[in-house]
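Q: Take a look at this one; I'll ask things after.
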Amino acid sequence: KVLLQTNQYPSTAQAIKGTLAKNGPLGFYKGVTSPLLGVTPMFAVSFWGYDLGKRLVISNRGKSPDEPLTIGEISAAGFFSAIPTTLIAAPFERVKVVMQIDKEKSSSGFAATVARLYKEGGIRSIYKGSLATLARDGPGSAAYFATYEYVKNYLSKDNGQDDGLSLGAITVAGGLAGVAMWTAIYPVDTIKSIQQSSSTRVSMSSVAKTLLKTKGIAGFFPGLAPALARSFPANAATFLGVEFAKQLLG
């Protein structure tokens, strides 16, 4: 996905072929350390932020706390969750992107990449693209949680109650939540990837203008197919884990 977004290859097939030729099968795992280290705290903070957002919405809406949240209120809580999550997501995303576009077969590891970025520009370099990350994850999280709750409630037929949720309902709702999120935010994710991979300081607006001028609307969607293919199973698994943990912990 990142290779396509940063113009390393013109198509998914060529990206796969080129990665195999240059780095072998391990090339598909370049930059994997960053998301592996970041995924647990990011999702923990995201779901904590979502629950906090729901409490804030309930306390300020002037209705009974027992009344189910509307889709708009769920979206607002989801958007709120992106604010604390960005503090963790932005640096891990920055390091991941830099590692994935490294053309060397023996690329620097996670720690070495962090050290290099810090040496180049301090903490600002590590957090490069934070605004783009928030611009992506705010609407993305709103779509993510709203889609999950809507589909889950529709499939479970229990008006939003978690009791008796089926494995299938959680799987489908979680998978569709991931697809909805990535579909909604992919143009911003492309801008973020280009911004974070750039050796110079570039703004979101300048990246967007350049993409629109040189490639048109299609320039905002390179790599969308592999992103969507990954999003369904990954997010189905995420929500299965969350619902299981909620039942386990009571």
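Following full-length UniProt numbering, the numbering of the sequence shown begins with 1 at its first residue and continues without gaps.
Ideal placement from N, C-alpha and C gives every residue a C-beta, glycine not left out.
Bear in mind the structure is a predicted one, so any value in this text is a computation, not a measurement.
1) Taking 7 Å as the cut-off, is the beta-carbon of Y150 closer than that to any non-hydrogen atom of the ligand GDP?
2) For the alpha helix (DSSP H) holding N235, just list the boundary residues, first then last.
3) When the Cα atoms are used, what is the spatial distance from K215 to K22?
4) What do you get for I217, buried or exposed, if any count of 16 or more other CB atoms within 10 angstroms of its CB means buried?
5) Go through its chain and collect everything with a Cβ distance to residue 252's Cβ below 7 Å, but skip five positions before and after it.
6) Grab the span of the alpha helix (DSSP H) containing N153 for me, first residue to last.
7) Counting only the same chain and skipping the five closest in sequence on each side, list residues whose C-beta sits under 7 Å from that of S193.
8) Where does L14 fall in DSSP's three states?
9) If I measure Cβ to Cβ from L176 and keep anything under 8 Å in the same chain, skipping five residues before and after, which residues do I get?
10) Could you tell me whether the stretch 105-120 touches the stretch 165-185, using the rule of 3 or more Cβ pairs below 8 Å?
11) If you follow the alpha helix (DSSP H) that T190 is in, where does it begin and where does it stop?
12) Beta carbon of L131, beta carbon of M42: below 8 Å?
13) Does the stretch 219-239 come close enough to the stretch 163-173 to have 3 or more Cβ pairs within less than 8 Å?
A: Looking at the coordinates:
1) Among the components of this structure there are no ligands whatsoever, and the ligand GDP is therefore not found.
2) It spans 224-249 - the alpha helix (DSSP H) in which N235 sits, taken as one unbroken run.
3) Pairing K215 with K22, the inter-Cα distance amounts to about 27 Å.
4) I217 comes out exposed.
5) Lying outside 1 to 250, the shown extent of the chain, residue 252 is not represented and no answer is given.
6) Where N153 is concerned, the enclosing alpha helix (DSSP H) starts and stops at 130-156.
7) Excluding the 5 residues flanking it on each side, S193 has same chain C-beta neighbours closer than 7 Å at V2, Q5, T6, V97, in chain order.
8) Strictly speaking, residue 14 in this sequence is Gln, with Leu absent from that position. In the structure shown, Q14 sits in a helix (DSSP, three-state: H, G or I).
9) The residues are T147, Y148, V151, F232.
10) Counting Cβ pairs under 8 Å, fewer than three are found: no touch.
11) For T190, the enclosing alpha helix (DSSP H) has its first and last residue at 167-197.
12) No, Cβ-Cβ distance for L131 and M42 is not below 8 Å.
13) Because the criterion of three Cβ pairs below 8 Å is met, the stretch 219-239 and the stretch 163-173 touch.
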